[in-house]
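Following: one structure in structure tokens, then a few remarks.
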Amino acid sequence: MRILVVEDEPLVAQGLKQGLVQLGYAVDVAGSAEEAEGFVGVEEFDMALVDIGLPKADGLHFIRQLRAAGKGLPVLILTARDSMEDTVSGLDAGADDYLTKPYRLPEVAARIRALIRRSNAIADACLRHNGLCLDTRSRSAMLDGDALDLTNREWAILEQLLMASPAVVSKDRLVNSLAGWDKDITPNAVEVHVSRLRSKLAAGNVTIRTIRGIGYRVDAPEN
Amino acid sequence: MRQRLIVALAVPLIIILGVSSVFDYRMARSMSDAASDQGLADAVFDLETHIRNHGLTSRLDLNEESEAMLRSNAPDAIYFSIRDAAGQVLAGDQDIPVFALPAGGKLSFFDASYHDTAMRAAVHRVSIEDTEISITVMETTRKRQRAQREILSGLLLPNLAVIIASLLTVLFGVRRGLLPLGAVEREIAARSPHDLREIDLASSPHEIHPMLRRLNQLFVQLREAAEAQNRFIADAAHQLRTPLAGLQTQIDLAVSEGSFSKNEGRLQSIEQGTAQIGRLLGQLLSYARAEASGSLPGKPERVALEQIVERSASTFFDAALAKDVDLGFDISPVVVTGLQWLLAEALANLIDNAIRYTPPGGCITVRCGKADGKAFLEVEDNGPGIPEVHRQDVFQRFYRIPGSPSNGCGLGLPIVREIAELHGTEVMLISAQPSGLRARLEFPLPAND
Chain A
1 MRILVVEDEP LVAQGLKQGL VQLGYAVDVA GSAEEAEGFV GVEEFDMALV
51 DIGLPKADGL HFIRQLRAAG KGLPVLILTA RDSMEDTVSG LDAGADDYLT
101 KPYRLPEVAA RIRALIRRSN AIADACLRHN GLCLDTRSRS AMLDGDALDL
151 TNREWAILEQ LLMASPAVVS KDRLVNSLAG WDKDITPNAV EVHVSRLRSK
201 LAAGNVTIRT IRGIGYRVDA PEN
Chain B
1001 MRQRLIVALA VPLIIILGVS SVFDYRMARS MSDAASDQGL ADAVFDLETH
1051 IRNHGLTSRL DLNEESEAML RSNAPDAIYF SIRDAAGQVL AGDQDIPVFA
1101 LPAGGKLSFF DASYHDTAMR AAVHRVSIED TEISITVMET TRKRQRAQRE
1151 ILSGLLLPNL AVIIASLLTV LFGVRRGLLP LGAVEREIAA RSPHDLREID
1201 LASSPHEIHP MLRRLNQLFV QLREAAEAQN RFIADAAHQL RTPLAGLQTQ
1251 IDLAVSEGSF SKNEGRLQSI EQGTAQIGRL LGQLLSYARA EASGSLPGKP
1301 ERVALEQIVE RSASTFFDAA LAKDVDLGFD ISPVVVTGLQ WLLAEALANL
1351 IDNAIRYTPP GGCITVRCGK ADGKAFLEVE DNGPGIPEVH RQDVFQRFYR
1401 IPGSPSNGCG LGLPIVREIA ELHGTEVMLI SAQPSGLRAR LEFPLPAND
């Protein structure tokens, strides 16, 4: 897994590089948008971490160039600005997610995993999470190498939760996603399905947490 | 200003009316006195004619009829005397005082007193049959006094009425004329200290436009100064964030490499300090952004509170989990008018505070919905709460409740209050039962809801 870090502040860039290398990623650092454009012209990256405040051309410019060149790799913005307008313009430019400085390394790692999971689901149609694998083409599921038998509704719920992780998914949204299978499904029915899912996942390393009054979340993987 | 205007108009008006009344009175009185004197003079001339007709030698017999005619001048009593040059009374009342006529004077008038009564006397010196005699006619002043009183009442009362009417006109006119100033005054008084918008000149009188323009210039300058200050805070916070991110990353690396395995406590202190700086920078930015504007920094839009609350769940669930606090929600859909990112910021600060101050094992519930015709957003915890005496102070920047255990930085509630004020509402701090705090914001429901 190869990651491009576009950051002009050496202390931050080197720290990120060391941390990500420890987690097993291959990391290249570019100190400016121009240097980064040179990198992506000759190498393939699985992911880019981009600082917005770069000298000369800013990070937003680089992301637009990237998307204009037809490159779909996930982009995580790391910004010292956190006003809504800044983040919205970042996402508009084609970024997939953003983090505000100062961030914690485990947080960065979790976001990278989530972005890569989503991008893989598009690329090879597989949602992977701590030993759990949902193949969206064959609609088959594996847990720690063993086949996992899921009903259509359980499948739909788990897919929603995995796609959203580490974000919380509201019960209403799950009801809506199940409406295709079952017109009259109630929030209570969702609870029953989640409870069955939990017992099916109990053997593995994936937990579904309840957020009282809102919904559920597949827990962020431990390091 | 109104007082000064009234005084400046009313005092000269009273003086002018007062002086003119005095002049009027004196003129009217001298005219009435002249008329009365003329009557007295007529009596003198009547006597003179009588004497000339009848001759001096006749010893001036006035028959009763003519004397009665002379004396009839009710209600005034008339007295007269005719004396020769030696002062011998030839006819009339014996004890009438003698008046010293000016040399060569013919008819003269005197004020006198007779039998303890105020009198007016006319004295005339004539030569009849080579004998010089003086004729004195004297009357009481009752009629004159009555005329005086009539003049006084006839003149003063209307004048007094004019004065009072003028004063009322001045009072009313000044008040009425200054009404637009009062409107401007009320507009300024109703402003919050952060509201530095210019005053609309269109609705105020032309005369005060120069003053209002100056005031507006001042507003602009103040606004620019406040914006510059907040921009500086924001820039400084941005600039500090990047090196702090570097520092934070190094600490995280040190943790994962086990660099502090001999001294875990020191690592924890460094981690806590760094986290606190990061949080403080974030809050400084939020506060500067919320405070800078004075009015909503953007066009108000329809904001679904339940969506903001739902999103906050993802943001804060891990922090609550890490502290073993049960973070739950109780939401029903409700729409308010405002700015989404500001309302999200306010909610984030309330939840962050609740997690910070609720001990492990505690419980936090975030609610939104409609109640009593209003939309509400509230965060309730069962932590220690805020004692009544500190309820106002906690809205001060950097205020910390003495002895409070947590590592907050005292900007959370001030930020929430700024945002509440920008949305025309306030933060209510309510004691939760049996313990804890309920921080609540209420909003009017949009009109077409």
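As given, the protein sequences belong to chains A and B, one line each in that order.
Counting from 1, position 130 in the first sequence corresponds to residue 130 in the numbering used here; the numbering is continuous, with no gaps.
Counting from 1, position 215 in the second sequence corresponds to residue 1215 in the numbering used here; the numbering is continuous, with no gaps.
For glycine and all other residues, C-beta sits at the position ideal for the given N, C-alpha and C.
Against residue i, what residues of chain A qualify as contacts under a CB-to-CB distance less than 7 Å, listed in chain order?
i	result
Arg1241 of chain B	Ala80, Lys101, Pro102
His1238 of chain B	Ala80, Arg81
Helix, strand or coil, according to DSSP, for residue i in the structure here?
i	result
Thr100 of chain A	strand
His129 of chain A	strand
Arg209 of chain A	strand
Arg1175 of chain B	helix
Ala1313 of chain B	helix
Ala1086 of chain B	coil
His1124 of chain B	strand
Thr1337 of chain B	strand
Ser32 of chain A	coil
Leu1222 of chain B	helix
Glu37 of chain A	helix
Ile77 of chain A	strand
Thr1117 of chain B	strand
Asn223 of chain A	Any reading at Asn223 of chain A needs caution, since the residue's pLDDT is 41, under 50, leaving its predicted position unreliable; the model's value is listed next. Correct three-state label for Asn223 of chain A: coil.
Glu7 of chain A	coil
Ser1286 of chain B	helix
Asp149 of chain A	coil
According to DSSP, which residues form a beta bridge with residue i?
i	result
Phe1080 of chain B	B:Val1137
Glu1442 of chain B	B:Phe1376
Leu1350 of chain B	Answer is none; Leu1350 of chain B lacks a bridge partner.
Phe1329 of chain B	B:Val1366
Val169 of chain A	A:Tyr216
Leu1152 of chain B	Partner(s): none; Leu1152 of chain B has no beta bridge.
Leu197 of chain A	DSSP output for Leu197 of chain A lists no bridge partner at all.
Ser1431 of chain B	B:Leu1437
Val1416 of chain B	According to DSSP, Val1416 of chain B bridges with nothing at all.
Arg1400 of chain B	Arg1400 of chain B pairs with nothing; no bridge assigned.
Ser140 of chain A	A:Asp135
In chain B, which residues lie less than 7 Å from residue i when you measure between Cβ atoms?
i	result
Ser32 of chain A	The contacting residues do not exist; Ser32 of chain A stays about 15 Å from chain B at best.
Gly19 of chain A	Thr1249, Asp1252, Leu1253
Ser170 of chain A	Glu1310
Arg217 of chain A	Phe1317
Determine the contact status of residue i and residue j, defining contact as a CB-CB distance below 8 Å.
i	j	result
Arg1440 of chain B	Pro1414 of chain B	no
Ala1043 of chain B	Leu1107 of chain B	no
Arg64 of chain A	Gly94 of chain A	yes
Gly1278 of chain B	Leu1339 of chain B	no
Ile1251 of chain B	Leu1343 of chain B	no
Ile1308 of chain B	Arg1367 of chain B	no
Met1138 of chain B	Tyr1079 of chain B	yes
Leu178 of chain A	Leu127 of chain A	no
Ala40 of chain A	Leu4 of chain A	Residue identity check: residue 40 of chain A is Val in the sequence provided, not Ala. Against a cut-off of 8 Å, the Cβ pair of Leu4 of chain A and Val40 of chain A comes out as a contact.
Gly1383 of chain B	Thr1365 of chain B	no
Arg1302 of chain B	Pro1446 of chain B	yes
Can you find a C-beta in chain B that's less than 8 Å from the C-beta of residue i?
i	result
Ala167 of chain A	yes
Leu11 of chain A	yes
Leu60 of chain A	no
Leu66 of chain A	no
Arg111 of chain A	no
Leu158 of chain A	no
Arg118 of chain A	no
Leu49 of chain A	no
Leu115 of chain A	no
Leu105 of chain A	yes
So residue i contacts chain B; which residues on that side make the cut at Cβ distance below 8 Å?
i	result
Leu16 of chain A	Thr1249
Who are the neighbours of residue i on chain A, taking C-beta pairs under 8 Å?
i	result
Ile1331 of chain B	Gly213, Ile214
Asp1326 of chain B	Arg212
Quick one: list the residues of chain A neighbouring residue i, beta-carbon separation under 9 Å, in chain order.
i	result
Ala1319 of chain B	Result: empty, since nearest Cβ-Cβ is about 11 Å, beyond 9 Å.
Gly1265 of chain B	Neighbours of Gly1265 of chain B on chain A: none; closest Cβ ~19 Å, over 9 Å.
Does any C-beta atom of chain A lie closer than 8 Å to the C-beta of residue i?
i	result
Ala1245 of chain B	yes
Ala1313 of chain B	yes
Gly1278 of chain B	yes
Ser1256 of chain B	yes
Ser1204 of chain B	no
Taking Cβ-Cβ distances shorter than 9 Å, what residues in chain B pair up with residue i?
i	result
Arg198 of chain A	Here the premise fails: no neighbours, minimum Cβ distance about 17 Å.
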